[in-house]
Structure formats: C-alpha cells, structure tokens
Amino acid sequence: MALNEQLGQAPPTASLAPEAARMRVLRNMGDGQTQAEVLQLALHHAVAELGGLGGMVHLRIPGDSRPLHLAATGGLPREFAQEWETLGRQAETAPVRALRDGALVWLPTIDTQTCALPADTGIVAVPLLAAEGSSLGVLSVVTVGGVPSVAQRDFLEALARWVCERLARPAPATGSLGPAWWKAEHLAGPGLQQAREAVRVGSWVQDLRTGDVIYDEATLTVLGIDPETFDGRVDTVVGLVHPDDLPRVVAAVEQAVRQRGEYAAEYRLCRSDGTVVWVEARAQVVLGEDGEPARFVGTVWDTTQKRAALDSVAHSLLHMSDGFLTVDADWRIEFVNLHAERLLGPSQQLFGRVLWDVAGAEVPGLEGRCRQAAAAGTPTGFDVQWPANRRWYRLRLVPSPDGVTVYLTDVTEKRLADEQRAAAQRAAAQRTTYIGRLNAALAEAVSVSDVVDTVAERVLPLFGATGLFVQLVDGESLRVAGSAGYSQEFLDNCPDRTSLSDHSPFTDAVHHGAPQYLVSEREFRERYPDVPDLAFAGGKQAWAYLPLIVSGRSVGCLVISFSRPRRFSEEDQALLTALGGLVAQALERARLYDAEHTRAQELQRGLLPPVLPSVPAVTTAAHYVPATKGLEVGGDWYDVIPLSAERVALVIGDVMGHGLSEAATMGRLRTAVHTLAGLELPPDELLSHLNDLVSDLGDDFYATCLYAVYDPTDQVCTIVRAGHPPPALVQPDGTVHFPQLPQNPPLGAATPPFETVELTVPAGSLLVLYTDGLVESAFRDIDSGMAHLAKTLINAPLSDGRDPGATIADRDADARHLDQLCTELASALLSAKEQTSDDTAVLVARTHALPAGDVAFRELPEDPIAAGQARDYIRQQLTDWHLDDLIWTTELIASELVGNVVRHARGPIHLRLIRSHSLICEVSDGSLTTPHIRRAIETDEGGRGLQLVAALSQRWGTRYTSNGKCIWTEQLLP
127 MALNEQLGQA PPTASLAPEA ARMRVLRNMG DGQTQAEVLQ LALHHAVAEL
177 GGLGGMVHLR IPGDSRPLHL AATGGLPREF AQEWETLGRQ AETAPVRALR
227 DGALVWLPTI DTQTCALPAD TGIVAVPLLA AEGSSLGVLS VVTVGGVPSV
277 AQRDFLEALA RWVCERLARP APATGSLGPA WWKAEHLAGP GLQQAREAVR
327 VGSWVQDLRT GDVIYDEATL TVLGIDPETF DGRVDTVVGL VHPDDLPRVV
377 AAVEQAVRQR GEYAAEYRLC RSDGTVVWVE ARAQVVLGED GEPARFVGTV
427 WDTTQKRAAL DSVAHSLLHM SDGFLTVDAD WRIEFVNLHA ERLLGPSQQL
477 FGRVLWDVAG AEVPGLEGRC RQAAAAGTPT GFDVQWPANR RWYRLRLVPS
527 PDGVTVYLTD VTEKRLADEQ RAAAQRAAAQ RTTYIGRLNA ALAEAVSVSD
577 VVDTVAERVL PLFGATGLFV QLVDGESLRV AGSAGYSQEF LDNCPDRTSL
627 SDHSPFTDAV HHGAPQYLVS EREFRERYPD VPDLAFAGGK QAWAYLPLIV
677 SGRSVGCLVI SFSRPRRFSE EDQALLTALG GLVAQALERA RLYDAEHTRA
727 QELQRGLLPP VLPSVPAVTT AAHYVPATKG LEVGGDWYDV IPLSAERVAL
777 VIGDVMGHGL SEAATMGRLR TAVHTLAGLE LPPDELLSHL NDLVSDLGDD
827 FYATCLYAVY DPTDQVCTIV RAGHPPPALV QPDGTVHFPQ LPQNPPLGAA
877 TPPFETVELT VPAGSLLVLY TDGLVESAFR DIDSGMAHLA KTLINAPLSD
927 GRDPGATIAD RDADARHLDQ LCTELASALL SAKEQTSDDT AVLVARTHAL
977 PAGDVAFREL PEDPIAAGQA RDYIRQQLTD WHLDDLIWTT ELIASELVGN
1027 VVRHARGPIH LRLIRSHSLI CEVSDGSLTT PHIRRAIETD EGGRGLQLVA
1077 ALSQRWGTRY TSNGKCIWTE QLLP
C-alpha cells in the first residue's frame, strides 16, 4: 500500500483529552532536565500516547554519509536497536524518509528485519525541526494497529516541537562541576597522564558533505583512538560521545552549520580503554565554492584536569556554610550548593530555572534589584527576608562574563544584634534628647507651679506614671509645693506640712540624699509601718521618692507614683536620678523667682495709686495686668489727679523697658506729673517738663504718656499725648471711636512744643485710656488690637445687662461696673493662653457735667466799684443756694481778690461761683502776673490780702488761662 494511501485511512477517532493533558504536563515542567532526560521523557510520552511497543530518537550529524545516529531508545530489544544505530541517507526507513521529507511518515515494518515484530506493526517518525527549518534529528515510535490517527499525529508533531525547544536551551549544570559517575579512578593510568603531558592541542578537519575527518596525532591521542584502526569517519567519533552529552553536541553542530559560524562544545568522551575524559572542541565552518558549508576546521584539547580542579572547588562550594549558586546571563540557575538547596529546593528541580521563578524564592522586588545590581557591573549586595523561614539573608551578587555568582549569607543573628545595638543606641539618644528637651522646658518654667506642670506633662508619660507630688524644705518641715494626678479630696486631706523629724519616705529621701523606691503597697507598709493610711488613699501602688539636691543640700523631695506595682530597673533608677537633679535645679530657680517676683509685684503695685480719688467730674476704675513672661517689673502707670474748679486730670503712661530701673523711672514720672499738675500747668507745658525730665535720665530712657484734662462745667476735654495710643471714646449711645490726635514723639525723643486737642465729651461718655500692652503683642499689630478693643467695648454688656456707656445714678455702683468693664477688657484682649512680655494698664473714666444751676458767672468793671458789685452778687447767689453761712467769708475773699486786680492787674474781670462738694470762688483777669503771699511786718500798710484769703479758704491757687490768669479758692460746705 502506498504511503499516502496509508495516511489517508480514517481510523477510529481517539479522545483529545489525553493528548492535551500530556502536552500540558510537558509544557509546565521546569528547566531542571538534561537534554538526554528530555529525549527519554519525550519517548515515554510518545510510546504511551500511541500505545506503541517502543521508540527511539536519532540525532543528525551534519556531513556524515550516515547522518542519523541513535541517541536514545525506549522499550525496544537490544538486537532491534543495534540495526537502527546509524542510518544512511538512502535508506528507505521511516526515520530517513521523515528527515528527507521534513514531515511525519508512517511505514509498515518488513519481515527482513532481524528482530521479528508482531503483524500489523509499523514505525511512525516525526522530524525534529529547529526554528530555522533545519533538522536536529527524528523521533520514531513502533506502533501496533495501523496508521496513527489524526490526533495522534498532531500530538507527535507538537511533541517534536517541544523537544526542539528544550534542546535549544542551555543544558543545566549538575550538582557539582563533575558528574557523579566520574570517579578519580577514571583519571588513573600512566598512559593517559603521559599523553596529557605530551599533547596539548590537536587539530582536525571534517568534510560536512561526506562525513570524512582528518585528525592529527594530538587529536587522536586526546580522543583515545588508535590511528591504525580508525576508519576516518565522523560517526565513529560520535559513538564515543557520552549519551548524556550527545544531544547538546549535535545541537551545537547544527547551529554552527545553520549560522555558518563557530562551533564550540565541551563534552565527555568514553574512550575505548574504559576511561572517561572531558574534551573541548572548537571549529569554524568553511564555505565551499557554491557558498554552502563544506567543512569544519578546528581544534580539540583535553579539559579533564581542569574539570578535576573545578570539581575540587565545587566540592568546597558545595559544602560551604553560606548559600552559593551561579546563574547564566539569562538568570537561569546553573549550580547550587547544599546550603542553597535547603533554601531553594533540590538541585534537580532548580537547574535551568530562573532564580526569581523558583518556588520559595518569591522575595518582593528580587528581580528588579538583581537586574539593577547586574547592570552596575560591580559586586553589590542587599538584605532580603526569605519567605520560607522568615530569616534574613545577605544576597551578594558578583557579575562574571557568563552570568552572575550569588552568595547567600544568613545575617539574621547579625541583624538582630545590630537591631538590639541600634535600639540601645536609639534609647540612649532618645534619653539624651529627652533630657535635653526636658532641660529646655524646665529652663522656660519660671515659677514653681510651672515646673510642676512641666514635670507632670513630660516625665510622667515617659515612665507610665500617674501621680506627682512635690515637697520643699521650709525650715524644719516639708511644705507641699505642687501635685498632679491626685483627686482634690485626697489633696484636701493631706497636711500642708510634714515635719522633718517624722519617719517617712519623704524625710528619708531628704535626710539620706538617696532615692527611695517602693515597688508595692506591701513593701511600703513593711518599711514604714507608722505611716497613716492616708498615704494609700490616693490609689497608688508604687512610688519613687527622689531627693531634690542643689549644691550638695537637699531642698525637697519629688514623688513619682504609679497606679500598679512596678519594678524599677537600673536604667529606670539612673534616669530618675538624673531627672531628679534637673528638677531640683529648676525648682530652686523657680523658688527664687517666686520670691523675687512677689517682691517685684509688691514694688510695682506700691508705685501705682492704691485708690483712685473720688471726684465730681468723673467716675473712674483702673486695672493693671503684669507681664506673664520674665521676672522684671514694667513701667506702665496711670493716675487720676483732681484740679481746681472741679476739673480732673487723667494720666496714663509707659516707660519703655522692664526692670527696677524702669519702675523707679515710672515712680519719678508719676510724682512729677502730680507736682506739675498741682502747679496748674497747661497740658502741653506739663509734657514739655516731663520730656526734659526723661531726657536728663539718659539716652536709653524713653516713655509714652497721655495727659487729659476734663472740665465738667463745659464738658471739654483737653488731650495731649507723646507716643501713646489714642484713647477710646464711648458715646452715651454706645458708639465707639478713637479721636484723631497729633502723634507727638515719645518723651525723651520729642522736641516741644506738644500739640493739644480739645474735645467736647458729652456727659455719660466713657474715656478708655490704655497702654500698648493691651492692643499690641507678638501675635497682633496695634491696628488690629485697637479694632478688637472697639469691638469689645461695643459687645461687652455688663453683668446687669447695661451697655458700657449707660450711666448709673449711684456713683459707687457705677464704679463697680467700670471695674468689671476693665476686667472684661483685659480678659478679652489678653488671652490666658498667650504669655505676654509686656505689662498692661487700663483706665476707664465716665464723665459727668455740673448742673447749670450750680455755676454762677458775673463780669465786673475795671473800677473800684467792682468789689462792691462782687459782694452784692455773692450775697444774692449764696442766698439762693442757701449758703448763708458762707456769705461773709466769701464776700471778704472776693473783695480782696477783685481789689488786687483793680490795683495791680488789668481787665477784663470775671467772677465765677461753683457749688459742688465745696464752694469755689474764682476771679479772672487779663494779667499774667502771679500773686505771691509775703510776710508783712507791723509797719507795712499792705501785703496782707492773700494771707487773709489763705486763712479764710480751705485751699487756694492760681492757674493760667488763654487770656490771663485765674485765682481760685475753695471753702468747705456747711
């Protein structure tokens, strides 16, 4: 039957599932198989799938007259296999036909073959075609039952493609650089050693078309071939190649011929004397006249000794304590030692596989880091945590020309030691940093309460403590200075003082200067049985009593307590002792600060008016807020000074700077203002004298001041300022504005004269005077502060619901309400959370007007009759006011004053009477001369008038006006 007819038959269709399953198994296999194992595996599946009797694989030797050489068999008798050992080009066999046609062929067996096979048998052969179309060989199966089915043929062709793909891959290395069957005795023998010494490199030529070879003597010696019996055929030499290496050699030859390039291979050779040697052959393809490959010209040499040396090295590498493996340029594993096998798995399953694809080596980012390290071209390393055992390994990659060498060193213990050392260093650094921060925080704590708060905030969380108690030595006892973490009930029951003669952990710590650690309530009771139960009412279970030592003396005791029993390690005790020293220094500084601050505050308040005077013109209230930062006192001050004619001077000022010197300057300025105001100087002249005073103090002294004089008779307020913020004026209807006043320079930097402004201030208005500390700070500029002040004045109803500008008939109640307003302003503009470095003064005055009926005015002529007219006017007015008891004295005073004007001054002459808390009599003229009391002797005819005035009045004086002067007197009302 013809071949085509045989293939055309349609046998029963087999199930497709087994073929697909077999190919799936083969494709999912790893890269650990040798090329010989690949051929055996392919034969096994081919025979099993076709239900055949056996199979064989022939490899093609280019240029040989019998090109197919048997490389692997399975299931066939030896006698049958021997007949198929080599096959010539002209043989009409299935393998040769498949090689020649490049397609699958099935032929029935013939009876002439030596080993008789059952009837109805045949041989199906499929060529092993490389990607470029050239043939590597043929895979054949002895079948039973006729022509293979279409599915079976498809399976064989798929299997052939898989074999070609696997043969094209580089062969994996074995567990050592020499095979397991290679023993030292194979290298024995004096003849071999002599040949190795005598022959170095042999040369050879092979005709690729005829298969003839020409070997020189050295080549024959290397190959172990007797020159007398060698037939000069390449297939004879191919028969000496170790079966496991033959597929690789054949693939290298086929590739060289196909690419018309260089052939290179190292393989084992089984000599006829029974020895096995390693040889390395290299050759170059030479093209014929037709441009096709014609012959190989090459060399060969013995590499057995090199392999033996490498095997010795491999033995050392195999058993080294660190993991060691080599990968090729494609990162496929070539060699692993025993330690690496414990991490990655058996070597047989690793060879040929990509490093990061191996099960158990799924380290995140391993591929990227390996490629990056290889691209650098220099040895590098990094630590990875191995997924299988969670241990840390140092991967050291050493690039080589053919790949990369990888070292795996277990660094788990080293990393643990490093981490512990680093943790200890971090802990030490953290302690140092913590102590530094605590020291800095304690340096900013100025008072004892600040120190206690700082320790509670920063020390207690560090140790997990829940309570803090501080006692300071005060004479023969310990005084409670502060606490944290205790209930108020417990603190109320605790005595304020503890005698130093008592036996307690407090006194032991102070007397011995050593910490007392009590780890539990039981230990506390055992060591101090006389301590009352109150000590345990705070709910604490462990205590650390730390002595506070400064300059070698104990100044107190710091107690840190815990809600649960607690052991104190040496590190805890060392840190607590160090903290106790820091806290002791801070508390000593704070105690000195508190004492000095108390004295400074007393000085500051002593320089301010203790009580504001009660005057008819205004109702006043004032508030002073010291700076919250620093010890030094400030220079802010205020004052209310009664003047003549029921006028009142409102003064506020600020000496720039802080300290006792500035406070003293403030006191001098306040005294000077009082003195100058008593001289009835105009506001601008008064500031001129103050400016001279400040200038005389030195170039470093400056002050701001605002001086306002309010006259209740005409409700006019004369204001002058020197570098000071303008006052806020609250109208009776509640509107607020800041009058536009000339901005004169501060005192000490100004050049007189000072500009003044006269304002009409309706009765019931509020004048709010303040220093810059109220409206200006590091967090707010002065404009924003003044806007905030105005808003506060508008939106600050008092406790009874009244607006700040609402008048209250009861002057005492009004004073209390104004005092409340001062407090509201300070609270609103000076946040308790913001510490300020400047003190603040606020003066609030509600203006009042004298009733029109309490003021009487009369213009007098410049004539001696003026005195009589003045007496008549006074007599009538005082009668109307029901002040008859003051008529005679007032007439006498007015007559004397008017007579002096007529005699010594000039007009116009004005008489004014004011009924208020006293009776005021004023005589004005146009002269600027100042009257003086002089002591008259018995012979003097005059000079006793002012003595008489002084004797009849409560007080008297002179003030200058814009048109002259005014002499005034005051008499107490009956």
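127 is the number of the first residue of the sequence shown in the working numbering; add one for each residue after it. Idealized CB from N, CA, C, for every residue including glycine. Computed from a predicted structure; not experimentally measured.
Candidates the options: which alpha carbon is nearest residue i's?
{"i": "Ala889", "options": "Pro838, Ala982 and Ala500", "result": "Pro838"}
{"i": "Ser398", "options": "Gly180, Asp352, Leu674 and Leu919", "result": "Asp352"}
{"i": "Tyr654", "options": "Phe632, Val636 and Leu674", "result": "Phe632"}
{"i": "Val405", "options": "Ala344, Tyr533, Phe461 and Trp457", "result": "Ala344"}
{"i": "Ala978", "options": "Phe827, Arg1032, Val585 and Ser1042", "result": "Ser1042"}
{"i": "Arg468", "options": "Asn515, Asp544 and Glu881", "result": "Asn515"}
{"i": "Leu233", "options": "Leu225, Pro244 and Glu218", "result": "Glu218"}
{"i": "Arg517", "options": "Cys831, Leu660, Arg541 and Pro691", "result": "Arg541"}
{"i": "Ala1077", "options": "Asn1089, Thr1095 and Tyr1086", "result": "Thr1095"}
{"i": "Glu205", "options": "Leu230, Gly228, Val222 and Leu243", "result": "Leu243"}
{"i": "Gly611", "options": "Pro621, Gly665 and Ala569", "result": "Gly665"}
{"i": "Arg295", "options": "Glu652, Asp600 and Glu460", "result": "Glu460"}
{"i": "Leu660", "options": "Leu617, Tyr519, Ala834 and Arg394", "result": "Leu617"}
{"i": "Arg226", "options": "Met149, Leu194 and Trp210", "result": "Leu194"}
{"i": "Pro868", "options": "Val862, Pro878 and Val883", "result": "Val883"}
Residues bridged to residue i by DSSP?
{"i": "Cys843", "result": "Tyr836 and Leu885"}
{"i": "Phe461", "result": "Thr452"}
{"i": "Val685", "result": "Phe595 and Tyr671"}
{"i": "Ile249", "result": "Leu233 and Val268"}
{"i": "Pro768", "result": "Val774"}
{"i": "Asp508", "result": "According to the sequence provided, residue 508 is Phe. The question's Asp does not apply to it. Its beta-bridge partners are Leu521."}
{"i": "Lys1091", "result": "Asp1051 and Tyr1086"}
{"i": "Ser1044", "result": "Leu1098"}
{"i": "Thr973", "result": "Val744"}
{"i": "Thr212", "result": "His195"}
{"i": "Gly180", "result": "Val268"}
So, for residue i: in the same chain, excluding its five sequence neighbours on each side, which residues have a beta-carbon less than 8 Å away from its beta-carbon?
{"i": "Ala378", "result": "Tyr389, Ala390 and Ala391"}
{"i": "Thr918", "result": "Glu950, Leu951, Ala954 and Leu955"}
{"i": "Glu1067", "result": "Its pLDDT being 48, under 50, Glu1067 is placed unreliably by the model, and the measurement read from it follows with that caveat. The answer is none, since no qualifying residue turns up."}
{"i": "Arg557", "result": "Leu701"}
So, using beta-carbon positions, are residue i and residue j closer together than 8 Å?
{"i": "Met792", "j": "Leu733", "result": "yes"}
{"i": "Val606", "j": "Leu713", "result": "no"}
{"i": "Thr506", "j": "Asp448", "result": "no"}
{"i": "Lys1091", "j": "Leu1037", "result": "no"}
{"i": "Val289", "j": "Val267", "result": "no"}
{"i": "Val685", "j": "Ala710", "result": "no"}
{"i": "Leu169", "j": "Gly177", "result": "no"}
{"i": "Pro871", "j": "Leu885", "result": "no"}
{"i": "Asp810", "j": "Phe880", "result": "yes"}
{"i": "Gln161", "j": "Leu293", "result": "yes"}
{"i": "Val411", "j": "Gly387", "result": "yes"}
{"i": "Val367", "j": "Val339", "result": "no"}
{"i": "Leu915", "j": "Leu900", "result": "yes"}
Could you pull out every residue in the same chain whose Cβ sits closer than 7 Å to the Cβ of residue i, ignoring the five residues on either side in sequence?
{"i": "Arg623", "result": "Ser603, Leu604 and Arg605"}
{"i": "Ala487", "result": "Leu470 and Leu481"}
{"i": "Ala466", "result": "Gly449, Phe450, Leu451 and Leu534"}
Looking only at its chain, what residues have a beta carbon closer than 6 Å to the beta carbon of residue i, apart from the 5 residues adjacent to it on each side?
{"i": "Val820", "result": "Phe827, Ala829, Leu873 and Gly874"}
{"i": "Val376", "result": "Leu185"}
{"i": "Arg1032", "result": "Gly1052 and Ser1053"}
{"i": "Ile1093", "result": "Leu1023, Val1049 and Thr1084"}
{"i": "Ala324", "result": "Because Ala324 sits at a pLDDT of 41, beneath the cut-off of 50, its placement in the model cannot be relied upon, and the point is left open."}
{"i": "Tyr1086", "result": "none"}
Following a CB-centred definition, is residue i positioned closer than 7 Å to any heavy atom of the ligand GDP?
{"i": "Val273", "result": "Among the ligands in the structure shown, none appear at all, so the ligand GDP cannot be discussed."}
For residue i and chain C, any beta-carbon pair shorter than 8 Å?
{"i": "Arg287", "result": "The structure shown contains no chain C, having only a single protein chain."}
The region 583 to 591 / the region 633 to 651 touching (three or more Cβ pairs under 8 Å):
no
Does the contact criterion of 3 or more C-beta pairs under 8 Å hold for the region 184 to 203 versus the region 258 to 266?
yes
If contact is defined by three or more beta carbon pairs under 8 Å, each pair taking one atom from either stretch, is the region 734 to 753 in contact with the region 766 to 778?
yes
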